[in-house]
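According to the working numbering, the stretch in the sequence shown is residues 151 to 369, in order.
Contents: one structure, followed by commentary.
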Amino acid sequence: MHRLAHTLGAGTLVAFVAACSGNAAGSAPAASSAAAPATSLTAPATSAPTTSVPAPVTSSAASQGAPTDAADPAIQPDHIGPLRIGMSLKAAKATGLIVVNSGQDDSVFDNCVSAHWKGQSDEEWMVFNGKYGLRALDSFGRQETPEGIRAGSPLSAVRRAYPQLTWRIDGDEIPDAKRTGGDALVDTVKGDGAHYRISIEKSKVVDVQLESDRTGCYE
151 MHRLAHTLGA GTLVAFVAAC SGNAAGSAPA ASSAAAPATS LTAPATSAPT
201 TSVPAPVTSS AASQGAPTDA ADPAIQPDHI GPLRIGMSLK AAKATGLIVV
251 NSGQDDSVFD NCVSAHWKGQ SDEEWMVFNG KYGLRALDSF GRQETPEGIR
301 AGSPLSAVRR AYPQLTWRID GDEIPDAKRT GGDALVDTVK GDGAHYRISI
351 EKSKVVDVQL ESDRTGCYE
């Protein structure tokens, strides 16, 4: 079970492409006459200038930019869509993707503030610390890590994807190889300030979260 270091209120939440051809008219041969020699006049050939127009950019090519919403983005090692571990509450609000839970004072610099994904229930949460920004970020729906781990994945798939995983120990002495539940911690990119926290129950993933490597506001 994950919890804020402070008791926080919860609210409702709401979530992004002729060839132009001219037919040259052939000149008919001039008619000849016995009385007068025929004169053949040939008009100088002219051709219309051609203009090369670049092909328009297709919508698929234009759409390969940064994600503007978080409907189906991957759970990257330190961000989901534009929400990144360590970003400020103000920057997160500017994405239009979060709703701060009610009953909190988010004006205090060191305050712990909980929020949730817009368009989702308040169980799809996130936690901010005024000083260090986004501390923890929950995924939702069918979002998954680049290695394909998401809610519903078997523990065996997690072990294959992340052989370097460690476990958060909560007082038990179960050997790692025999564990069927708990929180598996995975740091795929060293030094990025974040890691995966994969909650597992009965050998199946129930939730994938991102956590800051810093402590505070979140347990």
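Cβ atoms here follow ideal geometry from the backbone N, Cα and C, with glycine treated the same way.
To the nearest angstrom, report how far apart residue i and residue j are at their CA atoms.
{"i": "residue 272", "j": "residue 334", "result": "23 angstroms"}
{"i": "residue 278", "j": "residue 330", "result": "31 angstroms"}
{"i": "residue 354", "j": "residue 262", "result": "31 angstroms"}
{"i": "residue 342", "j": "residue 274", "result": "23 angstroms"}
{"i": "residue 357", "j": "residue 345", "result": "14 angstroms"}
{"i": "residue 297", "j": "residue 332", "result": "20 angstroms"}
{"i": "residue 315", "j": "residue 237", "result": "26 angstroms"}
{"i": "residue 359", "j": "residue 250", "result": "18 angstroms"}
{"i": "residue 254", "j": "residue 320", "result": "30 angstroms"}
{"i": "residue 252", "j": "residue 369", "result": "21 angstroms"}
{"i": "residue 326", "j": "residue 295", "result": "22 angstroms"}
{"i": "residue 336", "j": "residue 324", "result": "19 angstroms"}
Could you please give the first and the last residue of the uninterrupted alpha helix (DSSP H) stretch that includes residue i?
{"i": "residue 347", "result": "Note, residue 347: premise wrong, no alpha helix (DSSP H); beta strand (DSSP E) at 344–351."}
{"i": "residue 308", "result": "305–311"}
{"i": "residue 239", "result": "239–244"}
Among the candidates the options, whose CA atom is the shortest distance from the CA of residue i?
{"i": "residue 350", "options": "308, 278, 282", "result": "308"}
{"i": "residue 313", "options": "319, 305, 320", "result": "305"}
{"i": "residue 365", "options": "296, 294, 235", "result": "235"}
{"i": "residue 269", "options": "336, 286, 291", "result": "291"}
{"i": "residue 367", "options": "282, 255, 251, 322", "result": "282"}
{"i": "residue 340", "options": "255, 359, 363", "result": "363"}
Look at the Cβ atom of residue i, then the Cβ atom of residue j, and state whether they are nearer than 9 angstroms.
{"i": "residue 288", "j": "residue 317", "result": "no"}
{"i": "residue 445", "j": "residue 280", "result": "The structure shown does not extend to residue 445, since the chain is modelled only from 151 through 369, so no value can be given for it."}
{"i": "residue 338", "j": "residue 227", "result": "yes"}
{"i": "residue 361", "j": "residue 286", "result": "yes"}
{"i": "residue 225", "j": "residue 293", "result": "yes"}
{"i": "residue 265", "j": "residue 242", "result": "yes"}
{"i": "residue 299", "j": "residue 348", "result": "yes"}
Among the residues of its own chain, which have a CB less than 7 angstroms from the CB of residue i, if the five just before and after it don't count?
{"i": "residue 352", "result": "330, 331"}
{"i": "residue 322", "result": "none"}
By Cβ distance, which residues of its chain are closer than 8 angstroms to residue i, with the 5 residues on each side in sequence left out?
{"i": "residue 233", "result": "220, 242, 245, 247, 248, 276, 284, 287"}
{"i": "residue 328", "result": "none"}
Just reading off the beta strand (DSSP E) that residue i is part of, what are its end residues?
{"i": "residue 262", "result": "262–267"}
{"i": "residue 399", "result": "Residue 399 falls outside the range modelled here, since the chain spans only 151 to 369, and no answer is possible."}
{"i": "residue 361", "result": "354–362"}
{"i": "residue 278", "result": "275–279"}
{"i": "residue 288", "result": "283–288"}
Hey, does residue i have any beta-carbon neighbour from chain C nearer than 9 angstroms?
{"i": "residue 230", "result": "Protein chains in the displayed structure number just one, and chain C is not present."}
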